[in-house]
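Enquirer: To start, I am sharing the structure in question, which I have written as structure tokens.
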Amino acid sequence: MKFENVAVAGLAEMRAPRAISSGAIEARLEPALKRAGLPTRGLIYQLTGIAERRVWPEGVMASVPAAMAGRRALERSGVAREKIGVLISTSVCRDFVEPSVASMVHRSLELSSHCLNFDVGNACLGFLNGIQVVGDMIERGSIEYGMVVNGESSLEVIEATIARLNQPDFPVEKMRDQLATLTLGSGAAAMVLGRRDLLAANAPRVVGAVTESASEHNELCRGQRDWMETDAAMLLLRGVELGQKTFARAADELGWSPGGLDLVCAHQVSAVHMTRVAEALELDRERFLKIYHDHGNVGPASIPIALAKAVDQGRVQPGERVGLMGIGSGLNCSMMEIAF
77 MKFENVAVAG LAEMRAPRAI SSGAIEARLE PALKRAGLPT RGLIYQLTGI AERRVWPEGV
137 MASVPAAMAG RRALERSGVA REKIGVLIST SVCRDFVEPS VASMVHRSLE LSSHCLNFDV
197 GNACLGFLNG IQVVGDMIER GSIEYGMVVN GESSLEVIEA TIARLNQPDF PVEKMRDQLA
257 TLTLGSGAAA MVLGRRDLLA ANAPRVVGAV TESASEHNEL CRGQRDWMET DAAMLLLRGV
317 ELGQKTFARA ADELGWSPGG LDLVCAHQVS AVHMTRVAEA LELDRERFLK IYHDHGNVGP
377 ASIPIALAKA VDQGRVQPGE RVGLMGIGSG LNCSMMEIAF
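As numbered in our numbering, residues 77 to 416 make up the sequence shown, in order.
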């Protein structure tokens, strides 16, 4: 998928207010860790490089931070709210099974009645897929402006997992499959996209995207509202294989090369995951903007949060190429380029 007339009009991220350290989680899990013969101090950080993760206050649903990020992105874009032709929510976390999270964000932002709104769910790739859908609508002339939002709230699943692991009869052999859940973090992000010819000349351009799937591995990470089970080792192995395949396609379709990207904003699972991906794709790890150490795994919000931070921190300059990439449960992999 390639675009000629799609650009980023506004981008924003929201930082969840409360930090929960990995040490604090381990302290609460001490009985379970002892029962499993695992270290009771430093285990999570040693395995993942995550020192803490952020969470929203108890009871805050996904649509609330998604709308906060959307409002900020809209303000930064300078686009009138009545011009937004589509709103797509890409949150893994949901307020309810129905109605859509998008409908709640739509109401909160007071968008027009003719603004199409719906959810797109694809695990940790949802935000990139949302950009693709909006970009395609802009490219075809269906709309002039659209918005992608995401809000993730991990407190409920973390608390439920701690309680589950601490049950005396919880099978020790299943404990490792639950540990990845404790890396999840909360956050929100939003992006306003528009027709390039209607925006400022220096608006970052969405160049295009490639995707690859390996759905034969869809059993490696599965989750519900209050639990997630992950075969972390096999997920990493198969995910890296899929990432290599996708990068090869990006090289063909988008002209990517290991030294051709100035910055990489990736879905961030852990330090080990990022290192393995960088090595497999022959990318300089220093070109990755890292947020996992103090945000944890924020699901589909990871990529736009990293990109928004890069922009706000002045990490990208005109003329630079930024790669967005992620590997999500399913398995699916997407890679996208934004030219600044």
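Beta carbons: idealized from backbone N, C-alpha and C, even for Gly. These numbers were taken from a predicted model, which means no experiment stands behind them.
If we count Cβ pairs, one from each stretch, closer than 8 Å, do we get three or more for the region 218-229 versus the region 166-180?
Expert: yes
Enquirer: So what's G263 in DSSP terms, helix, strand or just coil?
Expert: As a first step, residue 263 is located in the sequence shown; it is residue number 187 there, counting from the start. Residue state, collapsed to three classes: strand.
Enquirer: Nearest to N316 by alpha carbon, out of S333, R298, A290 and G118?
Expert: Start at 1 with the first residue of the sequence shown, and residue 316 comes out as number 240. First, the residue type needs correcting, since residue 316 is Val and not Asn in the sequence shown. When only C-alpha atoms are compared, the closest one is A290.
Enquirer: State whether the region 199-217 contacts the region 242-256, with contact taken as three or more CB pairs (one from each stretch) at a distance under 8 Å.
Expert: With the cut-off at 8 Å, the region 199-217 and the region 242-256 do not touch.
Enquirer: Between which two residues does the alpha helix (DSSP H) containing I414 stretch?
Expert: The residue given as residue 414 occupies position 338 in the sequence shown. Looking at the DSSP string, I414 is not in any alpha helix (DSSP H); the run it does join, the beta strand (DSSP E), is N408 to A415.
Enquirer: Near Q320, what residues of its chain come up, given a Cβ to Cβ distance below 7 Å and the 5 sequence neighbours on each side ignored?
Expert: As a first step, residue 320 is located in the sequence shown; it is residue number 244 there, counting from the start. A356 and L357, listed in sequence order.
Enquirer: So that I know if they touch, is there some Cβ in chain C lying closer than 8 Å to that of A112?
Expert: Of the protein chains in this structure there is only one, and it is not chain C.
Enquirer: Between G261 and H371, which are expected to be in contact by the criterion C-beta below 8 Å, what is the C-beta distance as a whole number of angstroms?
Expert: Counting from one through the sequence shown, the residue named residue 261 turns up at place 185. Counting from one through the sequence shown, the residue named residue 371 turns up at place 295. With 8 Å as the limit, G261 and H371 qualify as a contact, their Cβ atoms being about 5 Å apart.
Enquirer: Distance, Cα to Cα, E80 vs Y368?
Expert: Residue numbering aside, residue 80 sits at position 4 when the sequence shown is read from its first letter. Residue numbering aside, residue 368 sits at position 292 when the sequence shown is read from its first letter. Roughly 33 Å between the two C-alpha positions.
Enquirer: Using C-beta distances below 7 Å, list every residue in its chain close to L311, excluding the 5 sequence neighbours before and after it, in chain order.
Expert: Against the sequence shown, residue 311 aligns to sequence position 235. Counting only Cβ-Cβ distances below 7 Å, and skipping sequence neighbours, we find L296 and C297.
Enquirer: If you measure between the beta carbons of R157 and L150, is that distance less than 8 Å?
Expert: For the purposes of this step, residue 157 is taken as residue 81 along the sequence shown, with counting starting at 1. For the purposes of this step, residue 150 is taken as residue 74 along the sequence shown, with counting starting at 1. Against a cut-off of 8 Å, the Cβ pair of L150 and R157 comes out as a contact.
Enquirer: Do T116 and L109 have their CB atoms nearer than 8 Å?
Expert: Here residue 116 refers to the residue found at position 40 when the sequence shown is read from its first residue. Here residue 109 refers to the residue found at position 33 when the sequence shown is read from its first residue. In this structure, L109 lies closer than 8 Å to T116 by Cβ.
Enquirer: Going by Cα to Cα distance, which pick from F416, V155, R314 and I381 is closest to V392?
Expert: For the purposes of this step, residue 392 is taken as the residue at position 316 of the sequence shown. Comparing Cα-Cα distances from V392 to each of F416, V155, R314 and I381, the minimum goes to F416.
Enquirer: Tell me which residue opens and which closes the alpha helix (DSSP H) that G211 is part of.
Expert: Within the sequence shown, the letter at position 135 stands for residue 211. Segment G202 to E215, the alpha helix (DSSP H) holding G211.
Enquirer: Extract the residue ranges of the alpha helix (DSSP H) inside the region 252-313, only unbroken runs of 4 or more that lie entirely within it.
Expert: 252-255
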